[in-house]
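Asker: Pasting a structure below so you can have a look.
Residue numbers (this note's numbering): 11 to 146.
In structure tokens:
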């Protein structure tokens, strides 16, 4: 895992439900359920991993994101996004670099971002209109 000056890992275990927004540093692994927005500073090397069975209901704004669970909300990955075989995203996906494995599903728009401004606003390069993508 990339070093962000802090290599701490926070775990939200299976059968655990958190309600409210989360802002973190280091690494966050979600095996349970989060009802709220999940974010980390875009200049950090923070990493979010949602494992099979994990779920987030809210917006995600994290530099490095790996999804193998369910997300109901928009995803903003400032650096790297990996959608594993059991990933299910119901929302728009904004990424700089994306990897999708066979079986991953996105119900929303895929938006490629070239850069993140100093104001942390996303500059869009390409925009695909509403789409349902299922990789077979």
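All C-beta atoms, glycine included, are put in the ideal place defined by N, C-alpha and C.
Note down, one range per segment and in chain order, each alpha helix (DSSP H) of at least 4 residues found wholly within the stretch 79–112.
Answerer: None, since the stretch 79–112 contains no complete alpha helix (DSSP H) of that length.
Asker: Is it right to say residue 80 is buried, meaning 16 or more other beta carbons lie within 10 angstroms of its own, or is it exposed?
Answerer: When all chains shown are included, residue 80 counts as buried.
Asker: Can you give the Cα-Cα distance for residue 73 and residue 98, rounded to whole angstroms?
Answerer: Distance between the alpha carbons of residue 73 and residue 98 is about 19 angstroms.
Asker: Please report the straight-line C-alpha distance between residue 122 and residue 24, rounded to a whole angstrom.
Answerer: So the alpha carbons of these two residues sit roughly 32 angstroms apart.
Asker: Am I right that residue 28 and residue 59 are in contact with their C-beta atoms under 8 angstroms? What's the rounded C-beta distance?
Answerer: Going by Cβ atoms, the distance from residue 28 to residue 59 rounds to 15 angstroms, so no, they are not a contact pair.
Asker: With burial defined as no fewer than 16 other Cβ atoms inside 10 Å of the residue's Cβ, what is the status of residue 33: buried or exposed?
Answerer: Counting Cβ neighbours within 10 Å, residue 33 comes out exposed, since fewer than 16 surround it.
Asker: Comparing C-alpha positions only, which one of 56, 76, 116, 47 sits nearest to residue 102?
Answerer: Out of 56, 76, 116, 47, 116 has the C-alpha closest to the C-alpha of residue 102.
Asker: Taking the CB atoms as reference points, tell me whether residue 111 and residue 91 lie closer together than 8 angstroms.
Answerer: No. Outside cutoff.
Asker: So, are the CB atoms of residue 47 and residue 69 less than 8 angstroms apart?
Answerer: Taking 8 angstroms as the Cβ cut-off, residue 47 and residue 69 qualify as a contacting pair.
Asker: From the DSSP secondary-structure annotation, give me the bridge partner or partners of residue 59.
Answerer: Residue 59 is bridged to 39, 76.
Asker: According to DSSP, is residue 122 part of a helix, a strand, or is it coil?
Answerer: Correct three-state label for residue 122: strand.
Asker: Between the C-alpha atoms of residue 87 and residue 26, what's the straight-line distance to the nearest angstrom?
Answerer: So the alpha carbons of these two residues sit roughly 25 angstroms apart.
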